[in-house]
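A.B. asks: So the protein sequences, as listed, match chains A and B.
Position in the first sequence (from 1) plus 69 gives the number in this note's numbering.
Position in the second sequence (from 1) plus 11 gives the number in this note's numbering.
Positions of the beta carbon are idealized from the N, C-alpha and C atoms, including for glycine.
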Amino acid sequence: MSETESETRTAERAVQTGAEAAISALEDAGVEVGFGVQGGAIMPVYDALGQSDIRHVTMAHEQGAAHAADAYGIVTGEPGLCLATSGPGATNLVTGLADADMDSDPMVALTGQVPTDMVGNDAFQETDTTGVTTPITKTNYFATDAGTVGDTVRDAVAAASEGRQGPTLVDLPKDVTQAETATSPSHEPETKPTPEAPAEAVDEAARAFAAAEKPVILAGGGVIKGEATPELRQFAVDHGVPVVTTMPGVGAFDETHPLALGMAGMHGTGPANMALTHCDFMLAVGTRFDDRLTGGVETFAPAARIAHIDIDASEVSKNVHADYPLIGDASAVLHQLDSAVPRSPDAADWQAQCETWEREYPMDYDAPEDEPVKPQFVVEAVDEATAGDTVVTTGVGQHQMWAVQYWTFTEPRTWVSSHGLGTMGYGLPAAIGAKVAAPEREVVSFEGDGSFLMTCQELSVAVREELDITVFVLNNEAIGMVRQWQDAFFEGRRTASEYPWGPDFATVAEAFGAAGFTIDTYDDVADTVEAAREYDGPSVVDCRIDPREDVYPMVPSGGDNGAFALREEHL
Amino acid sequence: MTGGLQGPDPEERQQATGRRNSQGIRIDPDVEAEPAERREVLSALVDHEPGVLSEVAGLFARRQFNIESLTVGPTTDEGMARMTIVVREPGPGVEQAKRQLRKLAPVHSVSELSGAVERELALIKVEDDDPAGVAAVAEMYGGEAVEAGPEVVTVELTGSEEAVDAAIAAFERFGVREVARTGTAALAGGTQETRESND
């Protein structure tokens, strides 16, 4: 090829549509997979996507696309991509965006929009997508011309993962993605330095920590998102500090370690809630002190001086006042703090106290042979059968709590759940996203019957994509957490919470082309778990569990963590 | 699996000492527990583009910060606008408002102004039955009539929020038909720049 020919080709390549610019920006940013649903206004983007190396997983519903992208982001640490058309496509993403926003999960959404000259005229499938999603995205963008759309997409990907992670969205009017442009991307995204906390603040916190007699570490989801798990583990072990996690923080600390007290909060363990309530110093890392964790703030760690490491200044002293605010990157600040600590706290008595609480309040359940199968037993059986790096996803409700309570988590990025928003139906699409993200790892999902019904159409995707995931539906014929609250707080009036009308989930699975199994008795459990796991493809196990089983321990909403109930009469 | 959750009942457990207030601040028995509400003037430099006002106003609405007034206008920098937001919140609420504002992508800086120059513009439409009286009051508050009709006179005046309140109260005796107020605009005093402070 002559030099002139080569130049001509370069020039030809340089002219591209807005859609092509958007897709090459994604490729440049290292995006490998997208989850989405086609539609009118997004068609030019899909046309360009189809000619790229990015794999596309067509989902049954845009909500499924958002949850799959969210789970992909949790498992890989890189932003998950979802795509939807304008109007209903975009509004169907809303739940997934809000979920990712609450849990600070890195995600990028591309939505189609009606052509610019029709915006504001209530055109077919028009919704003010940036308006609708402003409160539930980290930031969003309305693309205005083909020449800059590549930069906008690049910025959206960068914003999703920098600092406190979260979902971003780019709304793409059809004329912008169809127009041709000769402009190439104009700038590289800035790489910001890893922020450290001011040395003086670190020194103060370090001295207070060293002087503590009852120190505890509260590890939040920010430990995992900030890749600070090794630093946190090292710090805890070096200084002999008991570790409690939040729900998103599950996996930040090995639950088999002697210093691990488990998850705290509404359905946390006894030792975790006792340690939080009685500590005199708390090192909180990457947590927003959600009300499900704190219970009533008046009684939350009432005697503790709190050091709070967080990348987001607005989380420090938002819900619970931080005596030692340490704003910065979790791993960097843990390094700083470790170097500044003059000596480990003298906390032998406190460690012994925490061990006493662990002996006093073991996680346990009653499982008489002549009663229906207990859900906790199923969770333990699956945990025992699988390897340590298995990814567990869940929906929201009682089954989610049993999963987090009775599964022993040892590694970060193995627990994928809807924490802050509490989205029923999250588990199956999240399992799809997780399996696409980590095909070499086993992925199991615990769902409730009510939760599973909300998104079970995504089974069609798992079958088509040949994703070997195993879904355990802990079926108590109810939206059980509501039923439990009705029994405890509404004198047992079970309005709209009982679901005896649900389908046979094994048959549902088979109709989609997946394998279906049923567990009716304890004798079925081990063999069925094995058979479902061994099936090469998606399988669903309808676990007919004891409909009377409740989730305990429990701190009632706004209650005192130290006064957690072990059974209903304690409420 | 040995028979359900065990352990001492809630009332048999060790009781925690201390308490926090509703804002999560550890209560020092010697110090007043609830921080008092205060009025603060926040000044934000933002991208001068559509949608920013709605984003800021939406943030204040959904996080339930109390706004007394919000003004917006261009600055010496073509791409930037200044928003002056008067909030009435307890100390932690003011801090939280500032931190949440700083997180918005189009917001470049937020500062809390103390000792600032604060002014508000008001247009007051007064019954014109007593032109000399209206003129006297207008003069007293540094205002001037900008339009006089057969029945009403419209007075324009600027001043601090309190001065504008006082002027309107003084015009009440003639009969005030309508009032339009801009809300407070403010700049840091002296040579100090109205930009991000270090907190």
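Would B:D20 count as contacting chain A if we go by Cβ distances under 8 angstroms?
C.D. replies: Translated into the one-based positions of the second sequence, residue 20 of chain B becomes position 9. Yes - at least one Cβ of chain A is within 8 angstroms of the one on B:D20.
A.B. asks: Have a look at A:F541 and A:D611 and give me their C-alpha separation to the nearest angstrom.
C.D. replies: Looking up residue 541 of chain A in the first sequence gives position 472. Looking up residue 611 of chain A in the first sequence gives position 542. C-alpha separation (whole angstroms): 6 angstroms.
A.B. asks: Along the stretch 411 to 438 of chain A, where does the CB come closer than 7 angstroms to a CB of chain B? Name the residues.
C.D. replies: Cβ contacts with chain B: E429, Y430, P431, D433, Y434, D435, A436.
A.B. asks: Got a sec: which bits of the stretch 25 to 38 of chain B sit with their beta carbon under 9 angstroms from any beta carbon on chain A, in order along the chain?
C.D. replies: Of all residues in the stretch 25 to 38 of chain B, Q25, Q26, A27, T28, G29, R30, R31, N32, S33, Q34, G35, I36, R37, I38 have a Cβ within less than 9 angstroms of some Cβ in chain A.
A.B. asks: Determine whether the beta carbon atoms of B:T71 and B:E100 lie at a separation below 8 angstroms.
C.D. replies: Here the question's residue 71 of chain B lines up with position 60 in the second sequence. Here the question's residue 100 of chain B lines up with position 89 in the second sequence. Per the sequence shown, residue 71 of chain B should be read as Phe rather than Thr. No.
A.B. asks: Which residues in chain B sit within 8 angstroms of A:N388, going by Cβ to Cβ distance?
C.D. replies: Against the first sequence, residue 388 of chain A aligns to sequence position 319. By Cβ distance, chain B contributes G35.
A.B. asks: Beta carbon of B:M1, beta carbon of B:H119: below 8 angstroms?
C.D. replies: Within the shown structure, residues of chain B are numbered from 12 to 210, placing residue 1 of chain B beyond reach of any answer.
A.B. asks: What separation, rounded to the nearest whole angstrom, lies between the Cα atoms of A:G149 and A:A137?
C.D. replies: Locating residue 149 of chain A in the first sequence gives position 80, counting from the first residue. Locating residue 137 of chain A in the first sequence gives position 68, counting from the first residue. So the two alpha carbons sit approximately 8 angstroms from each other.
A.B. asks: Who are A:V485's beta bridge partners in DSSP?
C.D. replies: Residue mapping note: residue 485 of chain A aligns to position 416 of the first sequence, counting from 1. According to DSSP, which records beta bridges pairwise, A:V485 is partnered with A:T462.
A.B. asks: Keeping to the same chain, check which residues put their C-beta closer than 6 angstroms to that of A:C151; ignore five residues upstream and five downstream.
C.D. replies: On the first sequence, position 82 is the one that residue 151 of chain A refers to. For A:C151, where only same-chain residues beyond five positions count, the Cβ hits under 6 angstroms are F104, G105, A134, A135, A138, A178.
A.B. asks: Near B:V145, what residues of its chain come up, given a Cβ to Cβ distance below 6 angstroms and the 5 sequence neighbours on each side ignored?
C.D. replies: Sequence index remark: in the second sequence, residue 145 of chain B carries index 134 (1-based). If we look at B:V145 and ignore the five residues flanking it on each side, its Cβ neighbours are V137, V164, F185.
A.B. asks: Pull up the distance between the alpha-carbon of A:A634 and that of A:T263, whole angstroms please.
C.D. replies: Taking the first residue of the first sequence as 1, we reach residue 634 of chain A at position 565. Taking the first residue of the first sequence as 1, we reach residue 263 of chain A at position 194. Roughly 42 angstroms separates the two Cα atoms.
A.B. asks: From the DSSP output, read off the bridge partner residues of A:Q85.
C.D. replies: Residue 85 of chain A sits at position 16 when you count from the first residue of the first sequence. For A:Q85, which the question treats as bridged, DSSP gives the partners A:T250.
A.B. asks: Skipping 5 residues on each side, what residues in its chain have a beta carbon closer than 8 angstroms to that of A:V84?
C.D. replies: Start at 1 with the first residue of the first sequence, and residue 84 of chain A comes out as number 15. The answer, listed in chain order, is E249, T250, A251.
A.B. asks: Would you check if there are 3 or more beta carbon pairs closer than 8 angstroms linking the stretch 121 to 130 of chain A to the stretch 467 to 484 of chain A?
C.D. replies: Contact between the stretch 121 to 130 of chain A and the stretch 467 to 484 of chain A is absent, because fewer than three Cβ pairs lie under 8 angstroms.
A.B. asks: Roughly how many angstroms lie between the CA atoms of A:D172 and A:T462, to the nearest whole one?
C.D. replies: By 1-based counting over the first sequence, the position of residue 172 of chain A is 103. By 1-based counting over the first sequence, the position of residue 462 of chain A is 393. Their backbone Cα atoms lie some 14 angstroms apart in a straight line.
A.B. asks: Are the C-beta of B:V163 and some C-beta of chain A separated by less than 8 angstroms?
C.D. replies: If you number the second sequence from 1, residue 163 of chain B lands on position 152. Chain A, which has no Cβ nearer than 8 angstroms to the Cβ of B:V163, makes this no.
A.B. asks: Identify whether A:F515 lies in helix, strand or coil by the three-state DSSP scheme.
C.D. replies: Here the question's residue 515 of chain A lines up with position 446 in the first sequence. Note: A:F515 maps to strand in three-state DSSP.
A.B. asks: Check whether chain B comes within 8 angstroms of A:H130, counting only Cβ atoms and requiring the distance to be less than that.
C.D. replies: Taking the first residue of the first sequence as position 1, residue 130 of chain A is located at position 61. A:H130 does not count as touching chain B.
A.B. asks: Measuring only between beta-carbons, confirm whether B:M12 sits less than 8 angstroms from chain A.
C.D. replies: Counting from one through the second sequence, the residue named residue 12 of chain B turns up at place 1. Any reading at B:M12 is ruled out, since the residue's pLDDT is 47, under 50, leaving its predicted position unreliable.
A.B. asks: Would the beta-carbon of A:A281 fall within 8 angstroms of that of A:Q194?
C.D. replies: Counting from 1 along the first sequence, the entry for residue 281 of chain A is found at position 212. Counting from 1 along the first sequence, the entry for residue 194 of chain A is found at position 125. Contact: no.
A.B. asks: Less than 8 angstroms separating the beta-carbons of A:L490 and A:A167?
C.D. replies: Against the first sequence, residue 490 of chain A aligns to sequence position 421. Against the first sequence, residue 167 of chain A aligns to sequence position 98. The answer is yes: Cβ separation under 8 angstroms.
A.B. asks: Drop a sphere of 10 angstroms on the beta-carbon of A:M523, count the other beta-carbons inside from all chains shown, and report buried for 16 or more, exposed for fewer.
C.D. replies: One-based indexing of the first sequence puts residue 523 of chain A at position 454. With 16 or more other Cβ atoms within 10 Å, it is buried.
A.B. asks: Just the C-alpha distance for A:L330 and B:V67, rounded to the nearest angstrom, thanks.
C.D. replies: Locating residue 330 of chain A in the first sequence gives position 261, where the first residue counts as 1. Locating residue 67 of chain B in the second sequence gives position 56, where the first residue counts as 1. The alpha-carbon atoms of A:L330 and B:V67 are separated by roughly 41 angstroms.
A.B. asks: Since B:A159 sits in a beta bridge, which residues does DSSP pair it with?
C.D. replies: Mapped onto the second sequence, residue 159 of chain B falls at position 148. Answer is B:V164, bridged to B:A159.
A.B. asks: Using DSSP with H/G/I as helix, E/B as strand and the rest coil, what is A:H468?
C.D. replies: By one-based count along the first sequence, residue 468 of chain A stands at place 399. In the structure shown, A:H468 sits in a helix (DSSP, three-state: H, G or I).
A.B. asks: Answer yes or no: does any C-beta atom of chain A fall closer than 8 angstroms to that of B:E282?
C.D. replies: The first residue shown for chain B is 12 and the last is 210, placing residue 282 of chain B beyond what the model contains.
A.B. asks: Going by other Cβ atoms of all chains shown within 10 Å of its Cβ, with 16 needed for buried, is B:A143 buried or exposed?
C.D. replies: Counted from its first residue, the second sequence places residue 143 of chain B at position 132. It counts as exposed.
A.B. asks: Please list, in chain order, the residues of the stretch 381 to 405 of chain A that have any C-beta partner in chain B closer than 7 angstroms.
C.D. replies: Those would be A382, S383, S386, K387, N388, V389, H390, in chain order.
A.B. asks: Using the DSSP secondary-structure output, state which residues sit across from A:Q182 in a beta bridge.
C.D. replies: Mapped onto the first sequence, residue 182 of chain A falls at position 113. Paired residues: A:P242.
A.B. asks: DSSP on B:M12, reduced to helix/strand/coil?
C.D. replies: Looking up residue 12 of chain B in the second sequence gives position 1. Residue placement at B:M12 cannot be trusted, given a pLDDT of 47 that sits under 50; what the coordinates show is reported in the next sentence. Of the three classes helix, strand and coil, the one that applies to B:M12 here is coil, per DSSP.
A.B. asks: Chain B partners of A:Y621, CB-CB under 9 angstroms?
C.D. replies: Counting from 1 along the first sequence, the entry for residue 621 of chain A is found at position 552. In chain order: G15, L16.
A.B. asks: Exposed or buried, A:R78, counting other C-beta atoms within 10 Å across all chains shown (16 or more means buried)?
C.D. replies: Residue numbering aside, residue 78 of chain A sits at position 9 when the first sequence is read from its first letter. Because the pLDDT of A:R78 is 47, which lies under 50, any placement of that residue in the model is unreliable, and the number read from its coordinates should be weighed accordingly. When all chains shown are included, A:R78 counts as exposed.
A.B. asks: Quick one: what does DSSP say B:S122 is sitting in, helix, strand or coil?
C.D. replies: The residue labelled residue 122 of chain B in the question sits at position 111 within the second sequence. Correct three-state label for B:S122: strand.
A.B. asks: Span of the alpha helix (DSSP H) holding A:M332?
C.D. replies: Looking up residue 332 of chain A in the first sequence gives position 263. No alpha helix (DSSP H) contains A:M332, which is instead part of the beta strand (DSSP E) from 329 to 332.
A.B. asks: What's the gap between the Cα of A:L640 and the Cα of A:G561?
C.D. replies: Start at 1 with the first residue of the first sequence, and residue 640 of chain A comes out as number 571. Start at 1 with the first residue of the first sequence, and residue 561 of chain A comes out as number 492. About 14 angstroms.
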